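Residues 157 to 237, numbered by our numbering, are exactly what the sequence shown covers, in order.
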Amino acid sequence: MKLIDRVVDQMAGAPHKIHEIVQYHVGEIVTSIKKVPLVTGGAEVLLYSTIMGGIGIFVPFLTKDVSFLSFLLILLLLYIF
157 MKLIDRVVDQ MAGAPHKIHE IVQYHVGEIV TSIKKVPLVT GGAEVLLYST IMGGIGIFVP
217 FLTKDVSFLS FLLILLLLYI F
């Protein structure tokens, strides 16, 4: 058995595997990404910058935020249609 085959076999049996939760298209090439607190002592966010100079953040939702945004979506859909 070749060394590369042994490494592949060991990786396939790894106890901790990554599961994809979500995909998001930024629209540009992301050049850096860091996990930082938005405010001192607050929840951490993902801050990223792009090749064209764009800066953005990914903020995790809390359950309160999700219910508010779901209600806002319903109101917007009623208003538009």
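Virtual Cβ for every residue (Gly too), placed ideally from N, Cα, C. None of the values given here were measured: they were computed from a predicted structure.
- In this structure, the beta-carbon distance from M208 to E184 falls below 7 Å.
- Residue pairing by DSSP places L202 opposite K191, F214 in a beta bridge.
- Per DSSP, V178 lies in no alpha helix (DSSP H) segment and is marked neither H nor E.
- Distance from the CA of I230 to the CA of K220, rounded to the nearest whole angstrom, comes to 16 Å.
- If you draw a straight line from the Cα of V186 to the Cα of I211, it comes to about 9 Å.
- Scanning its chain for C-beta atoms nearer than 6 Å, with the 5 sequence neighbours on each side dropped, one finds around L203 the residues K190, V192, I213, in chain order.
- Short of 7 Å from the beta carbon of S188, and not among the five residues preceding or following it, lie these beta carbons of its own chain, in chain order: Y204, S205.
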